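J.: Sharing a structure here in structure tokens format.
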Amino acid sequence: MKEKILHNLETFGIPITILITTFLVAYLVDRFFKRLIRKSTKKLKNDPTNYKFLRHAIRALIYIIGLSMAIFTVPSLKLLASSLLAGAGVLAIALGFASQHALSNIISGVFIVVFKPFRVNDHLRISGLSGVVEDITLRHTILNSFENKRIVIPNSIVGNETIINDSIKDSNICRFIEFG
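Note that our numbering has the sequence shown beginning at 134, numbered continuously upward.
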């Protein structure tokens, strides 16, 4: 009886502990990055776009690693996971076709952060919608409109549309004046 309880505790206790630790680590990293973003933005008057994107990416990576570790510690799931890894090529192709739209959003999000056509707190007009950029995640860009409505635009749409950034100000402008 005692051996069975210890076996069950080992079988289910370790994965549950790993999952709890994963969520705790993700929460602490998220809090750390929120404080870092707030402090660096106020003190250095720095652009928070890269920090916010890095925060989302690291949190996603922590969840993926933690869930993978939890799955591999359960003996019955370990065999299933090993079989899935053996057939990962076929699974990757199937998942690629199934999540084609989601992957295009993620890749577009990476391009937005790398090439910086706009930043957090910029005023944008994208495909008839306008607002201030509130956040840029792996999957979507969040605008806050002048009506105080939150507009969520997938990054694949943002990457394919013409973006008008009203926050970029340059002292040199060109105006055409017609004389009659």
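Note that beta-carbon positions come from the ideal geometry of N, C-alpha and C, so glycine has one too.
Bear in mind that the values here come from a model prediction, so they are computed numbers and not experimental data.
Which term fits T155, buried or exposed, when burial requires 16 or more other beta carbons within 10 angstroms of its beta carbon?
T.: By the 10 Å Cβ count, T155 comes out buried.
J.: Do I245 and G264 have their beta-carbon atoms positioned less than 8 Å apart in this structure?
T.: No, these two residues do not count as a Cβ contact at 8 Å.
J.: What are the boundary residues of the alpha helix (DSSP H) that V207 is part of?
T.: V207 -> no alpha helix (DSSP H), and no H or E assigned at all.
J.: Take R188 and list the residues in its own chain whose beta-carbon comes closer than 8 Å to its own, dropping the five residues that flank it on each side.
T.: If we look at R188 and ignore the five residues flanking it on each side, its Cβ neighbours are V162, D163, F166, K167, I170.
J.: Consult DSSP for D163 and reduce its assignment to one of helix, strand or coil.
T.: Three-state DSSP puts D163 in a helix.
J.: Short check: CB of I259 to CB of E267, under 8 Å?
T.: No. Outside cutoff.
J.: Counting only runs of 4+ residues fully inside the segment 226-295, write out the alpha helix (DSSP H) ranges in chain order.
T.: Taking only runs of at least 4 residues, the alpha helix (DSSP H) segments lying wholly in the segment 226-295 are 233-248, 288-293.
J.: Would you list the one or two residues that DSSP bridges to I297?
T.: DSSP, once it has assigned bridges, lists R258 as partnering I297.
J.: Suppose you measure from the CA of N238 to the CA of K176; what does that come to, to the nearest Å?
T.: Using only the alpha carbons, I get a separation of about 32 Å.
J.: Can you find at least 3 beta carbon pairs, one from the segment 282-297 and one from the segment 199-209, that sit closer than 8 Å?
T.: The segment 282-297 vs the segment 199-209: no contact.
J.: Would you say V253 and I269 are within 8 Å of each other, going by their C-beta atoms?
T.: Contact flag set, yes.
J.: Count the other CB atoms within 10 Å of the CB of H234; is the residue buried (16 or more) or exposed (fewer)?
T.: H234 should be labelled exposed.
J.: Alpha carbons only, please: which of I198, G146, T144, V247 is nearest the one belonging to A159?
T.: Ranking I198, G146, T144, V247 by Cα distance to A159 puts I198 first.
J.: Using the rule of at least 16 other Cβ atoms within 10 Å of the residue's Cβ for burial, across every protein chain shown, is I149 buried or exposed?
T.: Exposed is the call here.
J.: Within 10 Å of its beta-carbon, does V247 have 16 or more other beta-carbons around it, so buried, or fewer, so exposed?
T.: The residue is exposed, with fewer than 16 neighbouring Cβ atoms inside 10 Å.
J.: N277 to L236, Cα distance in whole Å?
T.: Near 25 Å, if we compare the C-alpha coordinates of L236 and N277.
J.: How is F309 classed by DSSP in three states: helix, strand or coil?
T.: Note: F309 maps to coil in three-state DSSP.
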